[in-house]
Amino acid sequence: MTTHKGLDGEALERLRVLTEQNVVGIWAGEAFCGTGFLVTPDTALTCAHVVAGREEGSLTATVGGHTVAIEVISLMPETKGAGSTYGFPDLAEVRLSEPAHDLHGVWLASAGPTQAASVSIHGFSGHTLEPGVQPDTLHLTVAGRSGRFVRLQWDQVVQGFSGGPVLDTTTGRVCGVLKASRHEKGMSGGWLIPVDAVEECSPGLLERNHAAHRPGTVWFDLARNRRGRQADLFGPEPGGPSSGNTPAQMLARGAMPFVDRPELSELQNWCYELDDQLLRLLYAPGGSGKTRLSAELCHRLRHMGWIAGFADRESLGNPLRRPQWLEGLTAALGAGFPCLVVFDYAQARLGDISALMTHVHRHRPDGITLRVLLLARSEEPLWHALKEEFETHYIEDWALRGASSQRLPNTLSAKDPGTLVIEAFGEFARLLECPWVLMPPSLARRAGQQDSILGMLAAALDAVLTLRQGEEWRESDDPLARICRHEITGWYTLLEDRLGAGGVLAGRTGRMMAEGLLLVPTLAQRRDGGDLTALLTSVRRTAFPGQPPVNAPAVHSCLRALYPATDGDHVAPLEPDRLGEILVRRVLAEPESSGDVVAYLGAVLDVSALRNKQARTRAVLETLDVLARARGCTAVGRVADHPAHTVLDRALAQVVRDNPRVLVPALVTVGARVPHAEPLVDLIQPVLETCETDLLCLVEPCLPGYPSSLSALSALVLQRLLQMPDAGSDHTSRHIRLRRLRRYSLRLEESGHREDAVRAADEAVLLSRDLVRRSAQYRSDYAAALHNLSLLRHRSGETESALGLSVEAVSLYRELIGSNPDMRHRTLMDMAGALSTLALLRLGDTQVNGAARDAAEGVMRCEQVPEGAREDEVYLTCLETLAECRHRIGKTEEALTSSMQAVERLEELLRLRPGRYLARLPETLQRHGFGLIRAGRFSEAYQALSRAATERAALSLRTSPRLREQQAMVLQVLLQLSDEFDEFTHEHSSWVQMKTVLDGCMS
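Numbering (this note's numbering), first residue to last: 57 to 1059.
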């Protein structure tokens, strides 16, 4: 850190240029009189002898190449006197007829120069190598006082320089006015009029000059070396985002342009308040934008002349470097700069904050402006801890006087989430040099589900990365990886501050164990203080045997300080969710962080201490959900290959074997929620292949009743249950078997075993027919079995037999509609589904008019059911079938009305349950788009298909050949349309790039 006793070469050169810009040449008609210089935009100083005795109205000055008339305001003294030279102070104040609007005048010193100071003099002379009067420069040294003047030595002072400014190269300010040469033909220097005399000549001029030069003005900042002080205290001015940043750096470096928040104005007002309010706490959960807001505050204050930045722990936290840093701060304050010091993770910087406040209290100059902004995630624990820290230095009354708190909302009031995500998507696409990617419109809707600004920005960056490179990433590409490292650093710092540098969590081994403890609240959510403290103790004892015990209550207190939840003394999990996923992989990949992984996971999944069954079930599901996403079961940010995966697989397999009755059903439930359940299937399938029947019965209710990546596993469970010996021949057990057969046939078909699926569906029809013969109560089951078999035979290409079964199923449903009022809604929906299938079968049999009638009735039956009881999947299918049938009979506009109705209904469902319906949207849009092409409405078709392509690009295409084929077909149409129609040409390259990404997935 430099001492700032002198100016560096670059600053001095800029000051010389500024001085030259403010120098004026003084003329009387055609005669050159001497030099002067601006002290305000309309006022200049020169020597009295330069302008004395000149004819009134003849004086002009050249200012920046322009000539303006000047008027002499005052002469001191008014006449030369009897001596050979003009008497002291030999000063004149002149007024310009037109102010120099782009110049502010030199910055006058408060006193004359000191002995031996080096000075630079700027003016005009006729003694250069060029003809006429030209700008010229002198360099001299101050010899000392000479009467009331100051003597200069070493350089040759020639005629023309009289009245020129004398720049003190030590202070960077103009310390006087050059009077005359001691001997023009030798190197004997000359004299200057010290700046002290200006006040005597022109009262108030110094005050006006000084008021114009304040922090933030060019001359003040250069002379007082603001840039150097800023760099020494807070590092160089942060650069803006660049395309060279990796995705993982973009969120941490604030790649998004700042979105204005009302809290920024409040903080700026606080900085400028006259009251001595040193401290303010800005608190909010992680990801709310505290750091970004504070960085913007620092940026704006720096542009207004402040020295502002984040206190670096390496400088202020290092006992060897701390004194120098604190002296640099008080020196900057003493130089007249207002200062803002920001402490991020303030709860972990209590010692540094106390050291700063103690130093300022003892050594602060008078009249300073200092503000200290603390960033934390909670309020009261920090103030309490700070008060205790200040009390040890007896400064609590002074330091906390006027201290205040400000809570930062999680979201932006000035901008809705959708708008923020749209802007973020475009900015990230630009920075990642892939402007061809097009944002899926559903992304804006999904943004509203994020709990924080960081989550919204991460969602936008996720979408860009997924569209650019596909669904699978490297860990280093994850935009939240750097944020996660930042969280870990804050955790280390807080532990060291609270527990000391020599405790059990210090050193490499201790730090690694601390990472493992940081993960616990994310894996074990919603635990109260006592339960979480006990779990931390259990994890340390079982996973890290042989290590010294940790102070679990103190660790819990640190977690609570960093991640306060809104309810009670709970600790919030890491947010956004993917931070937890990254930390899971980081911890499990490092043996020193996870210790005995089986014991670690076993302790976290042991929920026996929780008070009720519902809480225990929820706790297990939340833990397994985090682990599943970390394992690569997610769609966005999917890390398909990581060293931690093998560790997690082995450990979870052992934990599942130890407690299958709890964990296997829970894993099936989680698998039904995630888009990539394959790793979970590999984990639990060996267990389900050999387990007892009672476990299969526990798993059965958890199996999804719709196509999913668990279809094969569901088929296995149902197959084993169907293979069990019949417990009896009563109607109830046969009815259970019937329902299992129907579900089994569907899951087999989804798994690619179509022939086995048809056989199972055949058996279900036979069994249901037998049950109906015994009791009419099973007629609805018989109709459902007929419909199921007709659907599977239709998919197998057996249209004729499927048509007969479907007609029989619909006829049976017609009979059932009025038979049981309590089941009317259920029967109407089942009948609508059967009618939709029948319509498709009639289309295949070229019965297009009959198909259209059946499809229309299917939609009508759905709409007879109140919206709350209506099955949306069936309703959407019926609308899409009706649209296709109407196209086939030539009713194109009516067909488009039906397909648009399906799109609109699906968009409503997306707002309610995006995870359930997002995958269906591209296919529905695709059908509507192709219908628009049939109608010749190419512009609307392009819009629909464009949206279908962008939405589908964010889905899991790699594991679905059908989705890839559909995407390839849509992209081919978009390429053709954008090539043929000028209005779409600008997006042609986007489809080319998207097809390249898709080809990579397909290969």
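We put the beta carbon where it would ideally sit given N, CA and C, even for glycine.
In the structure shown, the three-state DSSP call for S954 is helix. Unbroken beta strand (DSSP E) stretches of 3 residues or longer found wholly inside the region 539-589: none.
Counting every other CB atom within 10 Å of its CB across the protein chains shown gives H105 a total of 16 or more, marking it as buried.
Assignment of Q920 by DSSP, reduced to helix, strand and coil, places it in the coil class. In the three-state reduction of the DSSP assignment, G889 falls in the helix class. Excluding the 5 residues flanking it on each side, V930 has same chain C-beta neighbours closer than 7 Å at M885, A888, G889, C918, in chain order. Note on geometry: alpha-carbon atoms of A997 and G761 lie some 34 Å from one another. Judged by DSSP in its simplified three-state form, V711 adopts helix. Here T933 is buried: its Cβ has 16 or more other Cβ atoms, across all protein chains shown, within 10 Å. With fewer than 16 neighbouring CB atoms inside 10 Å of its own CB, K669 falls in the exposed class.
Around Q190, the same chain offers T184 as residues with beta carbons nearer than 6 Å, after the five sequence neighbours per side are excluded. Along the length of the region 814-859, whole beta strand (DSSP E) runs at least 3 residues long do not occur.
Counting along the chain, Q462 sits inside the beta strand (DSSP E) bounded by residues 460-463. Sequence-distant Cβ neighbours of A820 in its own chain, meaning closer than 8 Å and more than five residues away, are L794, L797, R798, S801, A841, N844, L845.
Excluding the 5 residues flanking it on each side, V814 has same chain C-beta neighbours closer than 7 Å at L848, R849, S852, in chain order. Its Cα nearest to that of L804, the residue Q775 stands out among R554, Q775, H791. In the three-state DSSP reduction, A665 falls in the coil class, being neither helix nor strand. F393 and W362 do touch by the CB rule: their CB atoms are close to 7 Å apart, below 8 Å. For P221, no alpha helix (DSSP H) run applies; the uninterrupted beta strand (DSSP E) run containing it begins and ends at 221-224, by DSSP.
Secondary structure at A1010: coil, using DSSP grouped into helix, strand and coil. According to DSSP, residue pairing for L94 in a beta bridge involves A100. Taking T883 as reference, the option from A199, T902, G914, R317 with the minimal CA-CA separation is G914. In this structure, DSSP gives H1042 a helical state, which the three-state scheme calls helix.
Going by DSSP, W83 is part of no alpha helix (DSSP H) but of the beta strand (DSSP E) stretching over 79-84. Linking S1046 to V493 through their CA atoms gives a straight-line distance of about 6 Å.
In the assembly as shown, K235 is a buried residue. Its beta-carbon has 16 or more other beta-carbons within 10 Å.
With contacts defined by Cβ atoms closer than 9 Å, L591 and V660 form a contacting pair. DSSP places Y800 in the uninterrupted alpha helix (DSSP H) bounded by 787-806. Beta-bridge partners of V124 (DSSP): A117. Straight-line measurement puts the Cα of M1025 at about 16 Å from the Cα of R990. By the C-beta density criterion, N876 is exposed, having fewer than 16 other C-beta atoms within 10 angstroms. Pairing S174 with V198 gives a Cβ-Cβ distance under 9 Å. Between A911 and C941 a beta carbon distance of about 4 Å is seen, short of the 8 Å cut, so the two are scored as contacting. DSSP, reduced to helix, strand and coil, places W210 outside both helices and strands of the structure shown, so it counts as coil.
When beta bridges are read from the DSSP output, R336 appears opposite L429, S460. Under the three-state reduction of DSSP output, P629 falls in the coil class, being neither helix nor strand.
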